[in-house]
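Residue numbers (my numbering), protein chains in the order written: chain X, 5 to 386; chain V, 67 to 562. For every residue, glycine included, the Cβ atom is placed at its ideal position computed from N, Cα and C. None of the values given here were measured: they were computed from a predicted structure.
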């Protein structure tokens, strides 16, 4: 059979005649129709990606009519990870307390347990094991960096500040968004009105929200100044302390992006099976059990997706920190994107590109872990 | 009408029209010329350009558009525009210390022939420091000063009288006054106010203050000694007890300042001072004219100015230790105090893009000349919202414009006297003018100081970090060439 097919192919090729215009169009139409899109992707996405990768290995100096390029190899990465910018980017390690050591040990134990579970599973593969080992090593590294830089005497760099913004922000955005969505699905009066109100922060430009929060946290002149005065706190500025400034940026970010979680989760909740819920009610399930065993499994795939989207978006945070605190005090609220922007603004294009690539690597890694490891496990277990 | 008469009529009409055009062209030399000037988001500094542009258009026919960007973006916006050949702007109002980076590649028009042919500019009336240092580079004029800049300390005369204290001569005096006044009600609104207000926000204009605070200990042997680098080794002057002490003073001033001092800009501190909320502030000349503005000030007649305070100890560079002032260590000391007033920034100056068309270059120069001529400039420097401070000799000699602006004679003499004391000081500190000085100051000092104030660094760590980063940058740019450029700038005459 195989031999016959091969012969037929040979015969077809040898008997090929000049094709008509319609045949030519038939065969090439796919390419012609796709070409504009391919060109757009190449020019706007792939080309800048390659150029910025090249830039991350160089030092660029603007000169009349163009620029001078000096190839540095991994010099810019070395500067960030082990050179003069190390403290700015990675931070300064402190002395963890006993509780922090315990937290780190617990995290490591969980990671190792997950790895062991995979190795013991019947469907394990060498490639999967290697990738998981690498993922766990990176996750433990990032977690350890966070714990050490947040410890006594430590100082978080822009990498850890970004991780704090992303994970704390997304955690609260999901909790509040889910809570509001559950509330709106109840048969309450005025729920249509609240649907619109809850969405409003997402419709405001991020720069506007930055200025809004800048006014709100101003204890001397802001709208809450009378409250601060009454409490005797008018001489305390919470954006002048690293933790206060980070909290202010995160509150602004949570306020802005909770509606996104809300609207997606609301759609997911409204799509859950009524029959199952009614059956559970008939069986006497309480609200918690109904949520845990009926609703949560149904919205889990959407939840994971929306969390993934927000994590990817969250890593790009720049507007809130730039407007609200300028990345300060010091570098306490400087995200990686803001750091890259500041480097670009001062003509350090190489370092700026290197930060961008490290960010891309981390985001890709986290997205892969969520898609390939966390999502299947969560969906399967729930 | 016969054909001959018709032709004659048309000819006469054409002659009349062309004659009118000639008259118009002479009266309106830049008719139809459009110039875009880039400067920073004020509202000060850009305000006089915007206000006077219609008058200039009426005189010359040129249309002047003023485009603004945040101060932290100004340098790179100019550099990106000219380096890529975009040339979106015909002229810039910028920091003259950046001239060094723009002249080398040929981005700026040499204005020497323009100045030499322009009697209306009255170039000799511009104080020598601004003519020879701010405006000139390698013997050629590249910018026209519209502003003169020195740091000074302003104080509330009524507050000091109440406290029974004298205006600060040293930084210890400054701290003592700030501590005594802090928390008291300085403007009778029932709320506690601040002893000292110094803007310390990152990415604004805060990175100059530390040099003013440190200079009195770092430079004692006259202007040519310099306050930034050792002139033999090119080692930055950070890792020493003088700079570390200056950092500690800088941080201590925050103890007596507004709670959000780390996030407020110079516009905010000016507003706080002229509304009576601060006993002391460190600023350029702007406070003097802002304090007499009846619309915004509540402290008119209650403000005094003194040259930036100094020290009774200075750094011995050979031993890297602080030594007491005497005739040898502080030859320019006054009453045992070494003063080193800092000509920070150098004053906003107008430069012309060499890539513009000849008509646009002429029009842009003419506009800066118009702005700098005494008829306009001597009025603008007396108005607080302009952000322009005195830089012409006539502005110091003729008190009338100041009196017209609302100054009392005593206040005008006090204010101008403080600037003149800085301008005429033989120990004046020149701002950094080596290639890429913007990265040394506006990037490195600005970031490290912000980290220091946020307690990410101790004073010793901040000094070491500054030294490490300046050294790394000098190595990147070529240490010997940078040293040569540094020494060359220190040799410029500022007094003749």
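Got a sec? Which residues, its chain only, sit under 8 Å from residue i by beta carbon, not counting five neighbours each side?
{"i": "residue 270 (chain V)", "result": "137, 138, 331, 332"}
{"i": "residue 556 (chain V)", "result": "289, 290, 291, 292, 297, 496"}
{"i": "residue 78 (chain X)", "result": "61"}
{"i": "residue 508 (chain V)", "result": "138, 141, 273"}
{"i": "residue 192 (chain V)", "result": "201, 211, 438, 457, 458, 459"}
{"i": "residue 464 (chain V)", "result": "444"}
{"i": "residue 204 (chain X)", "result": "263"}
Measuring only between beta-carbons, confirm whether residue i sits less than 8 Å from chain V.
{"i": "residue 351 (chain X)", "result": "yes"}
{"i": "residue 231 (chain X)", "result": "no"}
{"i": "residue 185 (chain X)", "result": "no"}
{"i": "residue 62 (chain X)", "result": "no"}
{"i": "residue 126 (chain X)", "result": "no"}
{"i": "residue 106 (chain X)", "result": "no"}
{"i": "residue 222 (chain X)", "result": "yes"}
{"i": "residue 252 (chain X)", "result": "no"}
{"i": "residue 10 (chain X)", "result": "Low confidence applies here, because residue 10 (chain X) scores a pLDDT of 44, under 50, leaving its location unreliable; read the following figure in that light. By this cut-off, residue 10 (chain X) is not an interface position."}
{"i": "residue 94 (chain X)", "result": "no"}
{"i": "residue 301 (chain X)", "result": "no"}
{"i": "residue 332 (chain X)", "result": "yes"}
{"i": "residue 85 (chain X)", "result": "no"}
{"i": "residue 205 (chain X)", "result": "no"}
From the beta carbon of residue i, is the nearest beta carbon of chain X less than 8 Å away?
{"i": "residue 346 (chain V)", "result": "no"}
{"i": "residue 175 (chain V)", "result": "no"}
{"i": "residue 146 (chain V)", "result": "yes"}
{"i": "residue 484 (chain V)", "result": "no"}
{"i": "residue 525 (chain V)", "result": "no"}
{"i": "residue 540 (chain V)", "result": "no"}
{"i": "residue 534 (chain V)", "result": "yes"}
{"i": "residue 438 (chain V)", "result": "no"}
{"i": "residue 548 (chain V)", "result": "no"}
{"i": "residue 417 (chain V)", "result": "no"}
{"i": "residue 269 (chain V)", "result": "yes"}
Going along the chain, which residues of its own chain have a beta-carbon closer than 6 Å to the beta-carbon of residue i, five neighbours each way excluded?
{"i": "residue 135 (chain V)", "result": "143"}
Under the assumption that residue i contacts residue j (Cβ atoms under 8 Å), give the Cβ distance between them as a whole number of angstroms.
{"i": "residue 146 (chain X)", "j": "residue 159 (chain X)", "result": "Their Cβ separation, rounded to whole angstroms, is 16 Å, which puts residue 146 (chain X) and residue 159 (chain X) out of contact at 8 Å."}
{"i": "residue 49 (chain X)", "j": "residue 357 (chain X)", "result": "Not really, about 16 Å apart at Cβ, beyond 8 Å."}
{"i": "residue 103 (chain V)", "j": "residue 158 (chain V)", "result": "7 Å"}
{"i": "residue 182 (chain X)", "j": "residue 265 (chain X)", "result": "7 Å"}
{"i": "residue 309 (chain V)", "j": "residue 348 (chain V)", "result": "The Cβ separation is near 17 Å, so there is no contact."}
{"i": "residue 380 (chain V)", "j": "residue 396 (chain V)", "result": "6 Å"}
{"i": "residue 373 (chain V)", "j": "residue 484 (chain V)", "result": "6 Å"}
{"i": "residue 510 (chain V)", "j": "residue 539 (chain V)", "result": "7 Å"}
{"i": "residue 415 (chain V)", "j": "residue 114 (chain V)", "result": "Residue 415 (chain V) to residue 114 (chain V), Cβ: 14 Å. No contact."}
{"i": "residue 327 (chain X)", "j": "residue 215 (chain X)", "result": "6 Å"}
{"i": "residue 445 (chain X)", "j": "residue 329 (chain V)", "result": "Residue 445 (chain X) lies beyond the residue range present for chain X, which begins at 5 and ends at 386; the question has no answer from this structure."}
{"i": "residue 184 (chain V)", "j": "residue 409 (chain V)", "result": "Residue 184 (chain V) to residue 409 (chain V), Cβ: 25 Å. No contact."}
{"i": "residue 173 (chain X)", "j": "residue 213 (chain X)", "result": "Rounded, the Cβ-Cβ distance is 13 Å, inconsistent with contact."}
Using a C-beta to C-beta distance shorter than 9 Å, which residues of chain X count as neighbours of residue i?
{"i": "residue 238 (chain V)", "result": "Result: empty, since nearest Cβ-Cβ is about 25 Å, beyond 9 Å."}
{"i": "residue 324 (chain V)", "result": "224, 239, 241"}
{"i": "residue 139 (chain V)", "result": "349"}
{"i": "residue 428 (chain V)", "result": "The contacting residues do not exist; residue 428 (chain V) stays about 22 Å from chain X at best."}
Across which residues does DSSP place residue i in a beta bridge pair?
{"i": "residue 221 (chain V)", "result": "V:346, V:370"}
{"i": "residue 157 (chain V)", "result": "V:103, V:418"}
{"i": "residue 377 (chain V)", "result": "V:404"}
{"i": "residue 382 (chain V)", "result": "V:387"}
{"i": "residue 65 (chain X)", "result": "X:72"}
{"i": "residue 210 (chain V)", "result": "V:416"}
{"i": "residue 302 (chain V)", "result": "V:295"}
Give the interface partners of residue i over in chain V, defined as CB-CB distance under 7 Å, in chain order.
{"i": "residue 329 (chain X)", "result": "329"}
{"i": "residue 380 (chain X)", "result": "Residues of chain V passing the Cβ test: none, with the nearest at roughly 42 Å."}
{"i": "residue 336 (chain X)", "result": "520"}
So with CB distances below 8 Å, who are the chain V contacts of residue i?
{"i": "residue 67 (chain X)", "result": "149, 171"}
{"i": "residue 88 (chain X)", "result": "534, 535, 538"}
Using C-beta distances below 7 Å, list every residue in its chain close to residue i, excluding the 5 sequence neighbours before and after it, in chain order.
{"i": "residue 384 (chain X)", "result": "none"}
{"i": "residue 147 (chain V)", "result": "153, 154, 155"}
{"i": "residue 248 (chain V)", "result": "260, 261, 322"}
{"i": "residue 341 (chain V)", "result": "253, 364"}
Give, in chain order, every residue of the segment 505-530 of chain V whose Cβ lies closer than 7 Å to some Cβ of chain A.
Absent from the structure is chain A; the protein chains it does hold are X and V.
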